[in-house]
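Be aware that the sequence shown starts at 1, since it is given in the UniProt record's numbering, and climbs by one per residue. In this text, a Cβ means the ideal position worked out from N, Cα and C, and glycines have one as well. Data block below; observations after.
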Amino acid sequence: MSKPDSIVLLYANCSMKPDLKQIQAPIQTEMEEFEKKFRDFMKSKVKLLDHITNYIVRRKGKQMRPMFVFLTAGVSGGITEASYRGAALIELLHTATLVHDDVVDDANYRRGFFSVNALWKNKIAVLVGDYLLSRGLLLSVDNNDFDLLKIVSNAVREMSEGELLQIAKARKLDITEDVYYTIIRQKTASLIASCCAVGAATSGASQEMIEQMRIFGEKVGMAFQIKDDLFDYGEDEIGKPLGIDIKEKKMTLPLIYALNNASWLEKRKIIYLIRNKNEDKKAVNEVIAFVKKSGGLNYATGVMNRFLEEALDLLKSFPASDYKTSLEGLVRFTIERKK
Numbered sequence: 001m002s003k004p005d006s007i008v009l010l011y012a013n014c015s016m017k018p019d020l021k022q023i024q025a026p027i028q029t030e031m032e033e034f035e036k037k038f039r040d041f042m043k044s045k046v047k048l049l050d051h052i053t054n055y056i057v058r059r060k061g062k063q064m065r066p067m068f069v070f071l072t073a074g075v076s077g078g079i080t081e082a083s084y085r086g087a088a089l090i091e092l093l094h095t096a097t098l099v100h101d102d103v104v105d106d107a108n109y110r111r112g113f114f115s116v117n118a119l120w121k122n123k124i125a126v127l128v129g130d131y132l133l134s135r136g137l138l139l140s141v142d143n144n145d146f147d148l149l150k151i152v153s154n155a156v157r158e159m160s161e162g163e164l165l166q167i168a169k170a171r172k173l174d175i176t177e178d179v180y181y182t183i184i185r186q187k188t189a190s191l192i193a194s195c196c197a198v199g200a201a202t203s204g205a206s207q208e209m210i211e212q213m214r215i216f217g218e219k220v221g222m223a224f225q226i227k228d229d230l231f232d233y234g235e236d237e238i239g240k241p242l243g244i245d246i247k248e249k250k251m252t253l254p255l256i257y258a259l260n261n262a263s264w265l266e267k268r269k270i271i272y273l274i275r276n277k278n279e280d281k282k283a284v285n286e287v288i289a290f291v292k293k294s295g296g297l298n299y300a301t302g303v304m305n306r307f308l309e310e311a312l313d314l315l316k317s318f319p320a321s322d323y324k325t326s327l328e329g330l331v332r333f334t335i336e337r338k339k
């Protein structure tokens with residue numbers, strides 16, 4: 001049985017849970033080559049900097065961003081040398097934003113490991129983030145990948161705007177459902193959208209197809225963030241710490257829905273708890289119980305599934321292939337993951 005046929009059979013039954021190794025099968029060689037190239041792109045002439053960037057590379061997560069780039073390139077026309085540079089550009093700029101975010105948040109951990117600022121202090125962390133940003137920019141400029149640079153730079157701008165909008169709204173706790181969608185579209189979905197647009201662009205696809213893939217990635221990103229918000233309510237025991245969004249006064253979809261359907265008195269009480277008792281475990285648990293009782297989790301799950309189906313519908317016009325089957329599997333993985 002050929003590799004494409006085996007992959008198609010693997011996902012023929014949608015009830016089967018996607019596995020990242022199986023999803024990665026058609027691009028296994030490309031992912032291994034990408035890792036080598038990415039390490040080369042990060043090299044410098046400063047020993048301390050190389051030491052820190054090696055630490056960052058060793059902490060790599062699931063590598064879903066480069067997977068989206070390569071799979072969408074495969075679906076759209078074919079993986080090229082530019083696909084490697086596009087994936088590296090996204091990883092460099094995104095890693096730079098994460099290093100800076102940890103400084104802003106005064107975070108000591110990232111994916112269970114010490115953050116760069118925790119090990120080398122804020123000043124060095126900021127400079128490392130700047131270096132990664134410059135490496136990404138130069139990678140594109142040196143190869144005349146200005147179309148890719150435009151796509152990714154727009155995503156970084158949107159991510160910054162989304163973070164600042166969320167911070168501003170957290171102070172007033174007045175986020176509507178529409179504003180919430182704007183925040184997660186900018187903060188999370190824009191990055192996955194850029195991965196898919198870059199993948200299509202590097203395959204030589206038309207502008208129409210690039211835009212179709214961008215919208216596809218945006219819908220996947222929306223579903224991904226809603227799934228992340230659901231973790232806050234303890235639906236999966238190995239997810240992120242229970243109630244962390246509430247402690248940080250983040251208004252997510254389950255909570256917004258619950259408040260919109262609460263009585264004036266109940267709404268006022270919950271807002272008071274979030275604003276003034278967000279560090280109190282008992283108060284946080286009360287908010288969680290309120291959201292569950294109000295149907296907030298079911299509502300958010302329904303919206304998440306809607307974005308998922310809309311994303312998958314956008315792939316229907318592409319011919320069957322191992323890339324397409326794995327891309328569909330990767331989409332499902334984003335909402336079936338346990339952490």
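- E158 and I151 have their C-alpha atoms some 11 Å from each other.
- CA-CA distance, D105 to A118, rounds to 11 Å.
- In the assembly as shown, L265 is an exposed residue. Its beta-carbon has fewer than 16 other beta-carbons within 10 Å.
- Note that the region 21-38 touches the region 85-97; at least 3 beta-carbon pairs, one per stretch, sit closer than 8 Å.
- Between I192 and V220 the beta-carbon gap is near 5 Å, inside 8 Å, which marks them as a contact.
- Taken through DSSP and simplified to helix, strand or coil, F113 comes out as strand.
- The beta carbons of I246 and V303 sit no closer together than 8 Å.
- Between N260 and K282, the alpha-carbon positions lie close to 23 Å from each other.
- Note on I244: under 16 other CB atoms within 10 angstroms of its CB, so exposed under the neighbour-count rule.
- Taking all protein chains shown into account, L149 has 16 or more neighbouring C-beta atoms within 10 Å of its C-beta and is therefore buried.
- Taking S190 as the centre and dropping the five residues before and after it, the same chain places the C-beta of N154, A155, E158, M159, G162, E218 and G221 closer than 8 Å to its C-beta, in chain order.
- Under the three-state reduction of DSSP output, P319 falls in the coil class, being neither helix nor strand.
- Exclusion of the five residues before and after I175 leaves K169, M251 and I256 as the residues of its chain whose Cβ lies within less than 7 Å of its Cβ.
- Of the residues assessed, P66 falls on the buried side of the cut-off, its CB having 16 or more other CB atoms within 10 angstroms.
- In summary, Y233 is buried, with 16 or more beta-carbon neighbours lying within 10 Å of its beta-carbon over all protein chains present.
- Taking C-beta separations shorter than 7 Å and ignoring five residues to either side along the sequence, the partners of W120 in its chain run I52, following chain order.
- Counting only runs that start and end inside the region 243-311, the alpha helix (DSSP H) elements of at least 4 residues fall at 244-247, 253-260, 264-276 and 281-293.
- Here A300 is near D229, since their CB atoms are less than 8 Å apart.
- Straight-line measurement puts the Cα of V198 at about 10 Å from the Cα of A205.
- When the beta-carbon positions are compared, Y323 and L48 stay at least 8 Å from each other.
- Using a Cβ distance threshold of 8 Å, I215 and A201 do not count as a contacting pair.
- For L139, the CB contacts under 8 Å within the same chain, skipping 5 residues up- and downstream, are F41, R85, A88, L89, L92 and D145 in chain order.
- Put simply, the backbone Cα of S294 is about 5 Å away from that of A258.
- Sequence-distant Cβ neighbours of T80 in its own chain, meaning closer than 8 Å and more than five residues away, are A73, T202, S203 and G204.
- In this structure, V75 keeps its C-beta atom at 8 Å or more from the C-beta atom of V99.
- When rounded, the separation of the alpha-carbon atoms in L165 and L273 is 22 Å.
- Straight through space, the alpha carbons of L132 and T95 are spaced by roughly 7 Å.
- Runs of the alpha helix (DSSP H) lying entirely within the region 157-235, each at least 4 residues long, are 177-184, 190-202 and 207-231 in chain order.
- Excluding five sequence positions before and after L127, none of the CB atoms of its chain fall closer than 6 Å to its own CB.
- Within the same chain, V156 and M159 come within 7 Å of T97 by CB-CB distance, once the 5 residues on both sides are set aside.
- Inside the region 68-106, DSSP marks whole alpha helix (DSSP H) runs of 4 or more residues at positions 81-104, from first to last along the chain.
- Assigned with DSSP and collapsed to three states, R58 falls in helix.
- Secondary structure note for R39: its alpha helix (DSSP H) is the uninterrupted segment Q28 to M42.
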